[in-house]
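*Asks:*
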Amino acid sequence: MPKFRGEYPAFEVTIESRARFDTEERARRVVTYLLAHPRFAPDRFGTYDPLQRLSAKRIEEVIELVMNRTGQELDPERVLSRVFFERTRPPRCDYTVRWDRLPHVAFSPSFYNVECVFVQDAMQLREWMTFVFGLLHLHEAWYAAFALQEESSQKHEITYKMQLVGGKVIEHTTAAGIHLEHGIPGVYWGNYFGPFYVNWFGREKFETLPCVEKRWLDTGGIFFTTAPTPFDWDTPEARQL
């Protein structure tokens with residue numbers, strides 16, 4: 000599996016959905032969307048390293064990978080599709096587009112990351128957010144988290160020490176978190192709750208929710224932030240809010 004995370008400080012978006020891209024129409028829609036945004040369009044793709052160069056001649060191949068058509072027809076045990084995309088030009092981006100055949104898992108996480116230096120500029124942050132809001136619609140997102148890699152790591156990684164036989168001490172880091180089917184993973188700089196959660200919690204609770212920015216999207220969901228920028232996520236004001 001390609002190891003993008005950690006290669007450069009990133010602003011991460013995790014989208015949780017139950018959508019499947021197992022038809023040509025749906026797979027083409029998401030691939031076309033990625034390529035239709037020159038600022039963030041990937042130039043490499045694949046299911047493992049090394050990723051292949053993405054060109055106009057290979058779009059149909061990309062769509063086939065997203066659909067996982069062969070896996071569906073020939074291997075009933077292959078229950079997911081996971082395709083990696085990378086943009087090697089500035090701004091650097093990496094995406095993991097994933098769907099799982101239910102009910103093997105309750106939700107499928109897809110990941111869209113951009114180098115954090117890009118979103119330091121307010122206009123560029125808005126440009127990235129507009130791009131991602133379109134992805135929320137394509138994924139029929141139930142929930143999404145928007146956070147710097149640093150925020151995500153501090154909220155989801157535990158480091159501990161282990162003493163081996165002989166006295167040597169080694170340090171381990173492991174990820175911790177909550178699966179969406181059991182609870183909301185956390186509160187981040189940016190948070191999206193889809194129509195299900197809006198209806199479940201009640202729209203009036205979101206209407207009175209204390210936050211910095213609040214936007215009702217045409218998906219029927221709501222996006223809100225806890226700080227003016229992603230880089231202010233750890234301020235006392237943001238923590239109290």
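Numbering (numbering that gives the first Met the number 0), first residue to last: 0 to 240. Every residue, glycine too, gets a C-beta built ideally from N, C-alpha and C. Remember, it's a predicted structure, so these values are computed and weren't measured experimentally.
(1) Identify, in the order they occur along the chain, each residue of the same chain with its Cβ nearer than 8 Å to the Cβ of Thr46, setting aside the five sequence neighbours on each side.
(2) Relative to the alpha-carbon of Glu146, which residue among Val113, Asp120 and Gly133 has its alpha-carbon at the smallest distance?
(3) Check the C-beta distance from Tyr111 over to Leu135 and give it rounded, since I have them as a contact under 8 Å.
(4) First and last residue of the alpha helix (DSSP H) that includes Ser243?
(5) Using the Cβ count rule (16 or more neighbours within 10 Å means buried), how would you classify Asn67?
(6) At the level of alpha carbons, what is the spacing between Pro89 and Glu6?
(7) Out of Val168, Val29, Gly176 and Ala26, which one is the CA nearest neighbour of Ser152?
(8) Just to confirm the assignment, what range does the alpha helix (DSSP H) spanning Leu124 have?
(9) Do the CB positions of Cys210 and Thr224 come within less than 8 Å of each other?
*Replies:* Once the coordinates are examined:
(1) Leu64, Arg81, Val82 and Phe83
(2) A small fix is needed here, since residue 146 is Ala in this sequence, not Glu. Among Val113, Asp120 and Gly133, the Cα nearest to that of Ala146 is on Val113.
(3) Not quite, the Cβ-Cβ distance comes to about 10 Å (not below 8 Å), so this is no contact.
(4) Residue 243 is absent from the model: the chain starts at 0 and stops at 240.
(5) buried
(6) 14 Å
(7) Gly176
(8) Ala121 to Leu137
(9) yes
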